[in-house]
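**Q** Dumping the structure here so I can ask a few things about it.
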Amino acid sequence: MASHSAIPACILMSVIQLVLPDFLLIALGWALFHKLKFSGEFFRGAEQLVYFVLFPALLFHSITQTPLSLSGTYVLLQATVGVMAFGVALAWLAVPVLRPDPVAHASVAQCAYRFNTYMGLSIAGGLAGSAGQTVMAVIVGFAVPISNMAAVHGLARQNGGKVFAEILRNPFIIATVLALLCNIFAVPVPKAVDVALGRLGACAIAIGLMCVGATLSLQGAKGAARLMAWMLALRLLLTPVAAIFIGWAMDLPVVERQVLLLFSALPTASSAYVLAARMGGDGRLVAVTMSVGTLLSALTIPFWLMMGVRP
Numbered sequence: 002m003a004s005h006s007a008i009p010a011c012i013l014m015s016v017i018q019l020v021l022p023d024f025l026l027i028a029l030g031w032a033l034f035h036k037l038k039f040s041g042e043f044f045r046g047a048e049q050l051v052y053f054v055l056f057p058a059l060l061f062h063s064i065t066q067t068p069l070s071l072s073g074t075y076v077l078l079q080a081t082v083g084v085m086a087f088g089v090a091l092a093w094l095a096v097p098v099l100r101p102d103p104v105a106h107a108s109v110a111q112c113a114y115r116f117n118t119y120m121g122l123s124i125a126g127g128l129a130g131s132a133g134q135t136v137m138a139v140i141v142g143f144a145v146p147i148s149n150m151a152a153v154h155g156l157a158r159q160n161g162g163k164v165f166a167e168i169l170r171n172p173f174i175i176a177t178v179l180a181l182l183c184n185i186f187a188v189p190v191p192k193a194v195d196v197a198l199g200r201l202g203a204c205a206i207a208i209g210l211m212c213v214g215a216t217l218s219l220q221g222a223k224g225a226a227r228l229m230a231w232m233l234a235l236r237l238l239l240t241p242v243a244a245i246f247i248g249w250a251m252d253l254p255v256v257e258r259q260v261l262l263l264f265s266a267l268p269t270a271s272s273a274y275v276l277a278a279r280m281g282g283d284g285r286l287v288a289v290t291m292s293v294g295t296l297l298s299a300l301t302i303p304f305w306l307m308m309g310v311r312p
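Using the numbering used here, read the sequence shown as starting at 2 and increasing by one per residue.
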């Protein structure tokens, strides 16, 4: 009897230890900006460094660490598309059900399917080592163009050609495509380059999570409680259920199944706020939804990880 009750407790403690460092870094970023008065310009510069240099290096380095097969990568692509399509479809189902303000919905719909890549790669590495981080990097690489196209489609007042060109220039996508080509076709990466990319990538997660903390805000959500609740429930509760079903239906290996579940449970990225603000959407509503989702994910991610590692 005691042994049976000890197993869930051990799993819970290991999952908490897995997730806690990331939330401590988010809390540090919040404290640096809101309490220690680091400037917004400082964090904007840090975000640009992560976006254009550090995180692409981390993606490339992660994907090239574990050998991949073309067939296995294709199956993972299908699983990723399935999870993303579920999130996008149910985000737009809110329109006939809730009849929200069109601008508010187009802005906050992103929170149902965009994801925090920094947190995902960090936790995946702790969950399954370099293999887990490689799987997460591949999923992220596949999901970034899907999430960008869906988000821009809802907010855009411009032609699709420009959107397509922006997606092709996305540094995450460029790094992912190059890394997949090197991995699948066994193109050797020089040792010095590999070490340099690894060191750049090691900086990306910590700085990225602190930048997430700096953007947390709980002001600006008047009159949109039902819309926020819909997107948060979809992102943190329903999409993981879909990921469990997709992983089972496609008979994914255990590590891929666990990482796909983790990916589906990640809170929204701060890039959702940036896109909404730049394209005339309701940036403050997105910021609040992202912030609440990040805080709630401190509870939901451990729950889903326990579901994923249960014997």
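We put the CB at the ideal spot given by N, CA and C, even for glycine. Every value quoted in this text rests on a predicted model; they were computed, and no experiment measured them.
#1: Is it the case that the Cβ atoms of Gly202 and Leu59 are separated by a distance below 8 Å?
#2: When the Cα of Ser271 is compared with those of Ala125, Ala288, Val260, which residue comes out closest?
#3: Nearest to Ala277 by alpha carbon, out of Val255, Ile185, Gly294, His154?
#4: Enumerate, from N- to C-terminal direction, the unbroken alpha helix (DSSP H) stretches of 4 or more residues contained entirely within the stretch 171-221.
#5: Hey, out of Met150, Gly199, Ala152, whose CA is closest to Gln66's CA?
#6: Can you tell me where the alpha helix (DSSP H) holding Ala80 begins and where it ends?
#7: Would you mind reading off the limits of the alpha helix (DSSP H) that contains Ser40?
#8: Of the choices Leu235, His106, Ala205, Val96, whose alpha-carbon is the least far from that of Gln49?
#9: Taking a contact to mean a Cβ-Cβ separation below 8 Å, would you say Asn117 touches Leu237 in this structure?
#10: For the stretch 132-139 against the stretch 66-79, are there 3 or more C-beta pairs whose distance is under 8 Å?
#11: Assuming Leu182 and Val188 are in contact, meaning their beta carbons sit under 8 Å apart, how far apart are those beta carbons, in whole angstroms?
#12: What do you get for Val20, buried or exposed, if any count of 16 or more other CB atoms within 10 angstroms of its CB means buried?
#13: Val109: which of Gln18, Thr290, His35 sits nearest, CA to CA?
#14: Specify the secondary structure class of Thr318 as computed by DSSP and reduced to three states.
#15: If you draw a straight line from the C-alpha of Thr322 to the C-alpha of Asp283, how long is it?
#16: Could you check whether Met307 and Val89 sit closer than 8 Å to each other, using their CB atoms as the reference points?
#17: Got a sec? Which residues, its chain only, sit under 8 Å from Phe53 by beta carbon, not counting five neighbours each side?
#18: For Leu263, which option in Ser218, Leu233, Gly294, Gly309 has the closest C-alpha, if you only look at C-alpha atoms?
#19: Determine, using beta-carbon pairs with one atom in the stretch 89-104 and one in the stretch 252-259, whether at least three such pairs fall under 8 Å.
#20: Can you tell me whether Phe43 is buried or exposed? The criterion is at least 16 other CB atoms within 10 Å of its CB, across all chains shown.
#21: Of the choices Leu233, Ala273, Ala244, whose alpha-carbon is the least far from that of Ser298?
**A** Looking at the atomic coordinates:
#1: Residue mapping note: residue 202 aligns to position 201 of the sequence shown, counting from 1. Residue mapping note: residue 59 aligns to position 58 of the sequence shown, counting from 1. By the CB criterion at 8 Å, Gly202 and Leu59 fall inside the cutoff.
#2: Counted from its first residue, the sequence shown places residue 271 at position 270. Considering only alpha carbons, the answer is Ala288.
#3: Translated into the one-based positions of the sequence shown, residue 277 becomes position 276. Of the candidates Val255, Ile185, Gly294, His154, the one whose C-alpha sits nearest the C-alpha of Ala277 is His154.
#4: Taking only runs of at least 4 residues, the alpha helix (DSSP H) segments lying wholly in the stretch 171-221 are 172-185, 192-215.
#5: On the sequence shown, residue 66 is found 65 positions in, with the first residue counted as 1. Nearest C-alpha to Gln66: Gly199.
#6: The sequence position of residue 80 within the sequence shown is 79, counting from 1. DSSP places Ala80 in the uninterrupted alpha helix (DSSP H) bounded by 71-99.
#7: Taking the sequence shown and counting its residues from 1, the one referred to as residue 40 is at position 39. Boundaries cannot be given for Ser40, as no alpha helix (DSSP H) includes it and DSSP labels it neither H nor E.
#8: Here residue 49 corresponds to residue number 48 of the sequence shown, with the count starting at 1. Here the closest residue by C-alpha is Ala205.
#9: Counting from 1 along the sequence shown, the entry for residue 117 is found at position 116. Counting from 1 along the sequence shown, the entry for residue 237 is found at position 236. For Asn117 and Leu237, no; Cβs fall outside 8 Å.
#10: The stretch 132-139, when compared against the stretch 66-79, does touch it at the 8 Å Cβ threshold.
#11: Numbered from 1 along the sequence shown, position 181 holds the residue referred to as residue 182. Numbered from 1 along the sequence shown, position 187 holds the residue referred to as residue 188. With 8 Å as the limit, Leu182 and Val188 qualify as a contact, their Cβ atoms being about 7 Å apart.
#12: Reading the sequence shown from its first residue, position 19 is the one you call residue 20. Val20 should be labelled buried.
#13: The residue you call residue 109 lines up with position 108 of the sequence shown. Val109 has its Cα closest to that of Thr290, out of Gln18, Thr290, His35.
#14: Residue numbering for the chain in the displayed model covers 2 to 312; residue 318 lies beyond these limits and cannot be assessed.
#15: A query on residue 322 cannot be resolved here, the shown segment of the chain reaching from 2 to 312 and no further.
#16: Reading the sequence shown from its first residue, position 88 is the one you call residue 89. Reading the sequence shown from its first residue, position 306 is the one you call residue 307. Not a contact, by the Cβ cut-off of 8 Å.
#17: Along the sequence shown, one-based indexing puts residue 53 at 52. Within the same chain, Phe53 has close Cβ partners Pro172.
#18: Sequence index remark: in the sequence shown, residue 263 carries index 262 (1-based). Per the Cα distances, Gly309.
#19: Touching, no, given that fewer than three Cβ pairs across the two stretches are closer than 8 Å.
#20: As a working mapping, residue 43 is identified with position 42 in the sequence shown. Residue burial is scored here from C-beta neighbours: Phe43 has fewer than 16 other C-beta atoms within 10 angstroms and is therefore classed as exposed.
#21: The residue given as residue 298 occupies position 297 in the sequence shown. It is Leu233.
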